[in-house]
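Have a look at the structure below before the remarks.
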Amino acid sequence: MLTTLTPVVFYRDPIAAMRFLEAAFGFETTALVTDKEGRVGHAMMKVGESEIGIGQEWASAELLGPASLKSPVSLGGAGSQFIRVQMSEGLDAHHERARAAGATITQAPADQFYGDRTYRALDPEGHVWNFAQTVATPTDAEMEKVSGLTFKTSL
Amino acid sequence: MSDFKRPSITSGVSYRDPKAALTWLEQEFGFEPMMVVVNEDGTIGHSEMRFGDSMIFVGHEYDAKHKSPASLDGVNTQSLHLQVDSGLDALFERAKKAGAKVLREPADQFYGERSAMVADPEGHTWSFGQVIKAMSFDEMAKAGGHQEIRERL
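Chains as they are written, first to last, in the working numbering: chain W, 1 to 155; chain V, 1001 to 1153.
As structure tokens, then:
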């Protein structure tokens, strides 16, 4: 069975969010479904070789039944997921672009013990984005030594 | 995981009980465990699971910005969509039997896909999709009564 997993990210104002994601993070819109009132029914953006979905907060019970999907703006900044974006190059330039475009940087670019250089940012509605670029490939034993953690491949 | 290429996008999914989530996702959704990072006190610091070419992080409630739907009255700020090329109904039945809450029974949609939606034990929303008829954007827009489906903002 061939499968792919796509996160769908919910916003109060999805069009404004997509403009931000294009300008700040360089994502590319690939599909935009609007209804007769111009509201976003569904949208997709390309991120590297992957895709994310963009959705509007659901108020309409008949669309999704009891599912409740909201922006962090509506939950005091809390989110049920964050998104990790793995980049092949250009992490620091990406950070500069995001900052200049108004992203809230919650962690400046820094090398991590597990071999990635990362930075963290919030988009205007408070979703957490974690950008990473691999700069070294330490073994599990090396990572355990510097971090004091234990690495396993299953529970 | 040596032959596994990390995708550009990975969802980090927050759970109150990540150990239970790791077990449930493996047994009921068929996710494959790849990495579990255990803190000195035995709690899970980070974990990674694979599903086809995709992966997720299963984590705990790190701080006020990272919460399980179980701590948010069932609300999700992101959902997870699994696109399969076969077996959608079987996947749905398996999840339902394992205690997933049914949000939408499998049904054919106007855009040429069959879809279903469930919530896992902590309330994360999972949708399933499988193409049953390939359609152009114009055909979808006409069938769905949408103003327009286009490729750009």
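Glycine is no exception: its CB is placed at the ideal position from the N, C-alpha and C atoms.
DSSP links Gly1012 (chain V) through a beta bridge to W:Phe82, V:Phe1057. Leaving aside the five residues that flank Ala136 (chain W) on each side, the residues in its chain whose CB is nearer than 7 Å to its CB run, in chain order, Gly115. Annotation for Val146 (chain W): the continuous alpha helix (DSSP H) segment containing it runs 140 to 147. Straight through space, the alpha carbons of Lys70 (chain W) and Pro1007 (chain V) are spaced by roughly 26 Å. According to DSSP, residue pairing for Ser50 (chain W) in a beta bridge involves W:Val47. If you ignore the 5 residues before and after Ile1149 (chain V), its C-beta comes within less than 6 Å of the C-beta of Phe1137, Met1140, Ala1141, all in its own chain and listed in chain order. DSSP lists no bridge partner for Met1034 (chain V). Across the structure, Gly79 (chain W) and His127 (chain W) are spaced so that their CA atoms are roughly 7 Å apart.
Gly1112 (chain V) has its alpha-carbon roughly 21 Å from the corresponding atom of Glu1093 (chain V).
Straight-line measurement puts the Cα of Thr3 (chain W) at about 5 Å from the Cα of Val1084 (chain V). For Ile1132 (chain V), none of the residues of chain W pass the 8 Å Cβ criterion, the least Cβ distance being about 15 Å.
Inter-residue distance for Leu1103 (chain V) and Val1075 (chain V) is about 13 Å (C-alpha atoms, whole angstroms).
Only residues of its own chain outside the window of five on either side were considered, and among them Gly48, His94, Phe131, Ala132, Gln133 have a CB closer than 8 Å to the CB of Met87 (chain W), listed in chain order.
Residue burial annotation: Asp1120 (chain V) is buried, with at least 16 other C-beta atoms found within 10 angstroms of its C-beta. Residue pairing from DSSP places Gly55 (chain W) in a beta bridge opposite W:Phe10. A direct Cα-Cα distance of roughly 16 Å separates Ser74 (chain W) from Ser1079 (chain V). Within chain W, not a single residue places a beta-carbon under 7 Å from that of Glu1093 (chain V); the smallest gap is close to 14 Å.
Taking a cut-off of 8 Å for Cβ pairs, the region 1009 to 1024 of chain V and the region 17 to 27 of chain W do not touch, as fewer than three such pairs fall below it. Within the region 88 to 113 of chain W, contact with chain V at the beta-carbon level (separation under 7 Å) is assigned to no residue. Within chain V, the C-beta atoms nearer than 8 Å to that of Thr3 (chain W) come from Phe1051, Gly1052, Asp1053, Ser1054, Leu1082, Gln1083, Val1084, Asp1085, in chain order. The beta-bridge partner set that DSSP reports for Ser1115 (chain V) consists of V:Ala1107, V:Gly1129. With respect to Gly1012 (chain V), Arg120 (chain W) sits apart: the two C-beta atoms are not nearer than 7 Å. No Cβ of chain W is located within less than 7 Å of the beta carbon of Glu1061 (chain V).
Note that the C-beta distance between Val1037 (chain V) and Phe82 (chain W) is not below 7 Å. Assignment of Phe131 (chain W) by DSSP, reduced to helix, strand and coil, places it in the strand class. Put simply, the CB of Val1013 (chain V) is near chain W, with a gap under 7 Å to one of its CB atoms. Using a 10 angstroms sphere on the CB of Lys1067 (chain V), the tally of other CB atoms reaches 16 or more, which defines it as buried.
In this structure, Gly55 (chain W) lies away from Phe113 (chain W), with their beta-carbon atoms at least 7 Å apart.
Interface with chain W (7 Å Cβ-Cβ cutoff): Lys1067 (chain V) is included.
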